[in-house]
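Residue numbers 69 to 974, in our numbering, belong to the letters of the sequence shown in order.
Just so it is clear, CB atoms sit at the ideal spot from N, CA and C, and this is done for glycine as well.
One structure below.
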Amino acid sequence: MAPAAERSRRRRFVTTVLRPQLVRQSHGLQRFMLLLGFVLIATFVLVAIFAPWLAPYGFNADRGADGVVFGTQQRPSAAHWFGTTVGGTDVLSRVIYGARTAVQVIVLAVLLSSLVGVPLGLLSGFVGGALDRVLVLVTDALYAFPSLLLAIVVSIVLSGGSSGAAGGILSAAISITVIFIPQYFRVIRNATLAVKVEPYVDAARVVGVRSPRIMFRHIFSNVAQNLPVIGTLNASEAILTLAGLGFLGFGIEPSAAAEWGYDLNKALPDASNGIWWTGMFPGIAIVLIVLGVTLVGESINDILNPLLRTRGGETTSADEAELEQIVEVLVEEGQTQPAATPAEAAAAAAAEESRRVASLSLTDLSVSFRTDAGSVPAVRGISFDVAPGEVLAIVGESGSGKSVSSRAILGLLPSTATVDGSVRLRSADVADGEARELIGMLGRDLRPIRGDEVSMVFQEPSTALNPVYTVGWQIAEGLRAHGDVSRSDARARAIELLELVGLPDPEQRVDYYPHQLSGGQKQRIVIAMAIACDPDVIIADEPTTALDVTVQASILELLLSLRERLGTAIVLITHNMGVVADVADRVAVMYRGEIVEQAPAAELFEHPVHRYTQALLEAVPHLGRAGGPGEVENDEVVLDVRDLLVEFPGRIGQPAFRAVDDVSLTVRRGEVLALVGESGSGKSTIGRTTVGLQKPTSGTVTVSGTEIGSLGDRELRPLRSRFGFVFQDPAASLNPRMSIGDCIGEPLHVQTDLTAQQVRHRVEDLLESVELPRDFSQRFGHELSGGQRQRVSLARALALDPDLLIADEPTSALDVSVQARVLELFTELQQRLRFACLFISHDLAVVDSLANRVAVMQAGRLVEVGPREQVLGAPQEGYTQRLIAAVPVPDPEEQRRRRAERAALG
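In structure tokens, the structure reads:
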């Protein structure tokens, strides 16, 4: 066998046989370690409880029950299994009674420190201000002391007032408690600061939930996930601290209770004389109880976490289930793609001809994931090629296998994945252009390929960028990983790349951290990292999701310029068919892990063959289509905003930032007013101000005749039943620790006098109104698809029959078919319930199908407002015209004409 073939065979054996076996063994080892930890802890607890009955003698006894004196020190024997100390005390009895002392101190220390530290941390993080600063100062002062030294000081202070075993144990527990309080405080406070700004906390505020309930029902329920780990770690530390105090002579009075640290101290002279048993057995006890607590602490959080809960017996994911309901694609048994047309056959022949020169070729690629219920296929035998300088778009709904197949190319799948088939890469800088097989390649062999020959633009730049490093450092890291580049040269290249991707002031922004940049700017950083080494292939996974149309257009222009300048092959993964029509040369459509149709872009849009492709294109909203709603003129005004101004204080020495500048608008009952504009234009700030989540600097906000801008939380609470809020991210707006029924029912609990049974029936009715099964009330948010979660958010917002509904980008991250059904449902509910709606969006095609009137925002100001047909059909302002011109339409011919016009204009 040839050496290359032998290496490939070995790698495939490692990937498909050895690695899965090691993963299964690893999972089995984890379960064994968890069981071992529970057994060890249970053993020590039982020994502590039954110590008087298990110990053959008293912990200080030097004689037996018959009065026989033990005499001098004895080796382990039948009478004394662990031997005796120099004073004649039975070592086994002291170890057993020492377990009782250790367990009592651990339980008391952990309970006392959590009872003090957790409420203080929760209150400090939630309230903030002066209280937070004082508590942080005090706890930091305590934390600055060495823990054992602080425990010794507290032990000395308390030693005068303690007597007997109970007093000594309590004093020891308090000494250790003082050490742990700052730890609980810091962890809970920091977690509270992060959680209290989550959308699901804002959702609770919108419906009038009081602060105590928000603190404990929404914030504490989520930060409490840290407590099991902290508690077990502190329990281990408590054991060691107790032993240290006893060893140094500051522990419990020896005559009051047995303690392992004291026994270790007394065993020191014995160790020098070869007497091993007096110190070995207390030491083993300390090691075993610390080991047991640590093993349990590593796993108990996973056991208690509902986010890891799965439902047995379900063979399809939530996304697949919703997709089945929406698309209803009928595929004959054994046939997933209709017979090829002559044009398709010609395209397939051309693709086969280009296979010899393709930069990247996938052949029969299959990916499955191992679960406790068996193997779950994610990708089923897909094949495609992408040639140098070609843009291949992979389209399909969430869960169709697009991202999984792209990650398989670079070996970025988790260890539970099994990959079969072939992925061959042909790079320009490889001798003779020899194609290399990537499947089965080891990590050390893939490392020089990743980022250098094949790079990836990840879907969510906020999670792809490391928050603790500057963007320049992160770009330079890839450069230095693939070549001998000095720090100064890497920085200079990073600045050059930032300029190339169109980031303003690259010399300054190279030292920015990710949080200092907008979403579009972070996406440009990710692209700069991807092109740093001039790769042969770029895999762009949803590079324009949730971006403004103008930012999206510039990102697409950048990718196309790279294709033209470097001849880079681009695999574009997206569900935005307008983007596909704009930039793709060829399109591959994926459905349920299979490619059901491949064709040149123009042909696929003009004559889609597969039923799924037809359904997908039919669901795409199209700017300019007739049939949108007309104006609403005679109904009452529900929302009246006058001269609204909102400013945020600047940093030290910086002026205040004006987010909303002199905005006035109205929304009538039964009307949808769409608020559009780029990110940072003030749209969401207006939405938050209209429901009292943000206080206006000046101006008025009137809802159903009541001016709410100047009201505090207490005065607003009874009025909050008048408005609802649908948040942009449905996953983040649902409390992950609350069931769907609890999330929907919360407004009813806090704003009505309904009984628990009446609330439950109302929740089930609301679920049915948004076309979800009644039994979904028992599920958690992570068990639902994106479209299902957005329906739940809509049901919660409508629970109190509000006069005003604020919908902030409610469909921006949804697949087109799911989006179409959610919008259809939204329209049905709005026409039936006739609530006024402020619909915030950057998707002008969605706005065109939904809104009665449109208001356009730019830099905090309202630049144009009017009927939908006028603003979107004949815009008066240049900014509105540029917005509309940047919207990609699902028509390759139209997009080609637009590009030609822009090129002609220079």
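For alanine 560, there are no CB contacts under 7 angstroms within the same chain when 5 residues up- and downstream are skipped. If you check the CB distance, glycine 792 and leucine 891 do not come in under 8 angstroms. By a beta-carbon distance limit of 8 angstroms, proline 582 contacts valine 539. Their separation comes to about 6 angstroms. When the Cα atoms are used, tyrosine 680 and leucine 912 turn out to be separated by approximately 25 angstroms.
Where arginine 936 is concerned, the enclosing alpha helix (DSSP H) starts and stops at 936-941.
Shown here for methionine 645: same chain residues with a beta carbon closer than 6 angstroms to its own, the five before and five after excluded, namely Val688 and Pro958 in chain order.
Taking 8 angstroms as the cut-off, the beta carbon of leucine 203 is found closer than this to the beta carbon of leucine 188.
Straight across, the Cα-Cα distance linking glycine 813 with proline 804 is about 15 angstroms. Straight through space, the alpha carbons of phenylalanine 526 and aspartate 513 are spaced by roughly 22 angstroms.
Taken through DSSP and simplified to helix, strand or coil, serine 778 comes out as coil. Isoleucine 164 is not a Cβ neighbour of alanine 219, given a cutoff of 8 angstroms. Separation of alanine 667 and leucine 104 (C-alpha to C-alpha, rounded to the nearest whole angstrom) is 57 angstroms. Judged by their CB atoms, histidine 678 and glutamate 662 are not nearer to each other than the 8 angstroms cut-off. If you draw a straight line from the Cα of serine 917 to the Cα of isoleucine 507, it comes to about 45 angstroms. For the beta strand (DSSP E) assignment, the region 259-313 encloses no uninterrupted run of at least 3 residues. When secondary structure is reduced to three states using DSSP, cysteine 905 falls in the strand class. Val159 is the residue among Val159, Ser861, Gly469 and Gly319 whose C-alpha sits nearest the C-alpha of asparagine 128. In the three-state DSSP reduction, leucine 627 falls in the helix class (H, G or I). Serine 523 and alanine 292 have their C-alpha atoms roughly 39 angstroms apart.
Taking C-beta atoms as the reference points, asparagine 920 and glycine 748 fail to come closer than 8 angstroms.
When DSSP reads this structure, glutamate 505 sits in a beta bridge with Arg492.
Assignment of beta-bridge partners to serine 443 by DSSP yields Arg438.
If you look at threonine 770, you'll find it in the beta strand (DSSP E) that goes 766-771. Per DSSP, glutamate 662 is one residue of the beta strand (DSSP E) stretching across 662-668.
DSSP assignment within the region 116-204 yields the following whole alpha helix (DSSP H) runs of 4 residues or more, N-terminal first: 119-122 and 159-195. Beta-bridge analysis with DSSP links methionine 925 to Leu930. Leaving aside the five residues that flank proline 322 on each side, the residues in its chain whose CB is nearer than 6 angstroms to its CB run, in chain order, Tyr330. With respect to threonine 765, glutamate 775 sits apart: the two C-beta atoms are not nearer than 8 angstroms. Residue environment for phenylalanine 100: exposed (fewer than 16 other C-beta atoms within 10 angstroms of its C-beta). Counting only runs of at least 3 residues, the region 695-774 fully encloses the following beta strand (DSSP E) elements, listed from N- to C-terminal order: 705-716, 725-736, 740-744 and 766-771.
For serine 622, the secondary structure class from DSSP, reduced to helix, strand or coil, is helix.
A direct Cα-to-Cα measurement between alanine 259 and leucine 882 gives close to 29 angstroms.
Annotated three-state conformation of valine 886 is helix, per DSSP. Within the region 561-603, the complete alpha helix (DSSP H) segments at least 4 residues long are 574-577 and 587-599, listed from N- to C-terminus. Taking a 10 Å sphere around the C-beta of glutamate 877, we find 16 or more other C-beta atoms and assign the residue as buried.
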